[in-house]
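Presented below is the structure to which this report refers.
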Amino acid sequence: MKIVRGRAADAATSPRSDTFTGTVWADPVLPTTDGTTINVVTFAPGARTHWHHHTGGQILQVLAGQGWVCAEGGPARRLLPGDTVWVPPGERHWHGASETTLMTHTAISIGPTRWHDEVAASDYARAHNVEESA
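Dropping the structure here:
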(Lines of atoms letter the chains of each structure in order from A; the text may use other names.)
(Lines give C-alpha, C1' and ligand atoms only; values in the text may rest on other atoms or scores of the structure.)
Protein backbone atom coordinates (compact mmCIF):
# COMPACT_ATOMS: atom_id res chain seq x y z
CA MET A 1 0.00 0.00 0.00
CA LYS A 2 1.14 3.52 -0.78
CA ILE A 3 -0.34 6.78 0.46
CA VAL A 4 0.50 9.99 -1.34
CA ARG A 5 -0.25 13.07 0.75
CA GLY A 6 -1.35 15.73 -1.72
CA ARG A 7 1.10 14.96 -4.51
CA ALA A 8 4.11 12.85 -5.35
CA ALA A 9 7.28 13.57 -3.40
CA ASP A 10 9.68 15.82 -5.31
CA ALA A 11 7.00 16.38 -7.94
CA ALA A 12 7.03 19.61 -9.86
CA THR A 13 4.35 21.12 -12.03
CA SER A 14 5.74 21.16 -15.52
CA PRO A 15 4.64 22.65 -18.81
CA ARG A 16 3.86 20.03 -21.43
CA SER A 17 4.48 20.61 -25.12
CA ASP A 18 5.58 17.59 -27.17
CA THR A 19 2.18 15.90 -27.15
CA PHE A 20 -0.10 18.89 -26.55
CA THR A 21 -1.27 21.93 -28.49
CA GLY A 22 -1.30 25.19 -26.53
CA THR A 23 -0.27 25.77 -22.93
CA VAL A 24 -0.71 22.78 -20.62
CA TRP A 25 0.65 22.08 -17.13
CA ALA A 26 0.88 18.63 -15.55
CA ASP A 27 1.13 18.19 -11.80
CA PRO A 28 2.15 14.61 -10.96
CA VAL A 29 0.11 13.11 -8.15
CA LEU A 30 1.39 9.55 -8.52
CA PRO A 31 4.28 8.78 -10.83
CA THR A 32 3.88 5.58 -12.78
CA THR A 33 3.29 2.83 -10.23
CA ASP A 34 2.36 -0.68 -11.36
CA GLY A 35 1.44 0.72 -14.78
CA THR A 36 -0.85 3.48 -13.50
CA THR A 37 -0.05 7.22 -13.68
CA ILE A 38 -2.09 10.01 -12.06
CA ASN A 39 -1.68 13.67 -13.02
CA VAL A 40 -3.69 16.80 -12.41
CA VAL A 41 -3.59 18.53 -15.80
CA THR A 42 -4.57 22.14 -16.49
CA PHE A 43 -5.25 23.26 -20.06
CA ALA A 44 -5.23 26.97 -20.95
CA PRO A 45 -8.14 28.07 -23.17
CA GLY A 46 -7.81 26.35 -26.55
CA ALA A 47 -5.18 23.86 -25.37
CA ARG A 48 -5.61 20.12 -25.96
CA THR A 49 -3.82 16.81 -26.17
CA HIS A 50 -2.72 15.22 -29.40
CA TRP A 51 -4.59 12.10 -30.49
CA HIS A 52 -3.57 9.21 -28.25
CA HIS A 53 -4.70 5.99 -26.64
CA HIS A 54 -3.95 4.11 -23.43
CA THR A 55 -3.24 0.40 -23.43
CA GLY A 56 -5.28 -0.12 -20.24
CA GLY A 57 -7.73 2.78 -20.54
CA GLN A 58 -8.03 6.17 -18.88
CA ILE A 59 -10.25 7.90 -16.35
CA LEU A 60 -10.70 11.68 -16.49
CA GLN A 61 -12.31 13.57 -13.61
CA VAL A 62 -13.04 17.21 -14.42
CA LEU A 63 -12.27 19.51 -11.50
CA ALA A 64 -12.71 23.01 -12.98
CA GLY A 65 -13.51 24.88 -16.16
CA GLN A 66 -15.00 23.55 -19.37
CA GLY A 67 -13.60 21.37 -22.10
CA TRP A 68 -14.01 18.63 -24.64
CA VAL A 69 -13.28 14.96 -25.10
CA CYS A 70 -13.55 13.25 -28.47
CA ALA A 71 -13.14 9.62 -29.51
CA GLU A 72 -12.01 9.01 -33.07
CA GLY A 73 -15.00 8.75 -35.38
CA GLY A 74 -17.41 10.30 -32.87
CA PRO A 75 -18.55 13.79 -31.95
CA ALA A 76 -16.76 15.90 -29.36
CA ARG A 77 -18.48 15.80 -25.98
CA ARG A 78 -18.60 18.78 -23.62
CA LEU A 79 -16.93 18.37 -20.22
CA LEU A 80 -17.99 20.24 -17.07
CA PRO A 81 -16.85 20.18 -13.44
CA GLY A 82 -17.87 16.94 -11.75
CA ASP A 83 -17.89 14.91 -14.97
CA THR A 84 -16.03 11.59 -15.03
CA VAL A 85 -15.02 9.98 -18.32
CA TRP A 86 -14.00 6.35 -18.89
CA VAL A 87 -11.94 5.88 -22.06
CA PRO A 88 -11.63 2.14 -22.85
CA PRO A 89 -8.28 0.51 -23.62
CA GLY A 90 -7.03 1.31 -27.11
CA GLU A 91 -9.64 3.99 -27.91
CA ARG A 92 -7.97 6.80 -29.85
CA HIS A 93 -9.11 10.15 -28.43
CA TRP A 94 -8.19 13.70 -27.42
CA HIS A 95 -9.28 16.05 -24.63
CA GLY A 96 -8.71 19.67 -23.72
CA ALA A 97 -10.13 23.04 -22.75
CA SER A 98 -12.81 25.05 -24.51
CA GLU A 99 -11.77 28.05 -26.61
CA THR A 100 -12.57 30.51 -23.83
CA THR A 101 -12.20 28.62 -20.54
CA LEU A 102 -9.39 26.69 -18.93
CA MET A 103 -10.02 23.12 -17.83
CA THR A 104 -8.41 21.14 -15.03
CA HIS A 105 -8.87 17.40 -14.74
CA THR A 106 -7.35 14.49 -12.92
CA ALA A 107 -6.07 11.98 -15.48
CA ILE A 108 -5.66 8.38 -14.36
CA SER A 109 -3.84 6.52 -17.12
CA ILE A 110 -3.65 2.75 -16.99
CA GLY A 111 -0.74 1.27 -18.91
CA PRO A 112 1.45 3.10 -21.38
CA THR A 113 0.13 6.02 -23.41
CA ARG A 114 0.64 5.83 -27.17
CA TRP A 115 0.81 9.31 -28.71
CA HIS A 116 -0.30 10.03 -32.27
CA ASP A 117 -0.68 13.11 -34.46
CA GLU A 118 -1.80 16.58 -33.47
CA VAL A 119 -5.55 17.30 -33.49
CA ALA A 120 -6.21 19.43 -36.56
CA ALA A 121 -7.40 22.96 -35.84
CA SER A 122 -10.47 22.27 -37.97
CA ASP A 123 -11.36 19.19 -35.87
CA TYR A 124 -10.97 21.20 -32.66
CA ALA A 125 -13.07 24.07 -34.07
CA ARG A 126 -15.79 21.58 -35.05
CA ALA A 127 -16.15 20.63 -31.35
CA HIS A 128 -17.45 24.13 -30.62
CA ASN A 129 -20.33 23.60 -33.05
CA VAL A 130 -21.57 20.40 -31.38
CA GLU A 131 -24.96 20.31 -29.70
CA GLU A 132 -24.62 18.14 -26.62
CA SER A 133 -27.19 15.35 -26.63
CA ALA A 134 -26.24 13.57 -23.41
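Residue 42 in full-length UniProt numbering sits at position 42 of the sequence shown; the count goes up by one each step and never skips. Using N, Cα and C, we set each Cβ at its ideal position, and we do this for glycine too. Just so we're clear, the structure is a prediction, and the values are computed from it rather than from any experiment.
{"Asked": "Cβ neighbour criterion (16 or more within 10 Å) applied to Trp86", "Found": "exposed"}
{"Asked": "Burial state of Met103, where buried means 16 or more other Cβ atoms lie within 10 Å", "Found": "buried"}
{"Asked": "Endpoints, the beta strand (DSSP E) within which Asp123 is located", "Found": "Premise fails: Asp123 lies in the alpha helix (DSSP H), 121 to 127, not in any beta strand (DSSP E)."}
{"Asked": "Local Cβ density within 10 Å of Ile3, reported as buried at 16 or more and exposed below that", "Found": "exposed"}
{"Asked": "Within 8 Å, strictly: CB atoms of Arg126 and His52", "Found": "no"}
{"Asked": "Nearest-angstrom Cβ-Cβ length linking Pro45 and Leu63, presumed shorter than 8 Å", "Found": "The pair is not a contact, with the Cβ atoms about 16 Å apart (cut-off 8 Å)."}
{"Asked": "Boundaries (first-last residue) of the beta strand (DSSP E) holding Ser109", "Found": "103 to 110"}
{"Asked": "Range covered by the beta strand (DSSP E) that runs through Thr23", "Found": "Thr23 -> no beta strand (DSSP E), and no H or E assigned at all."}
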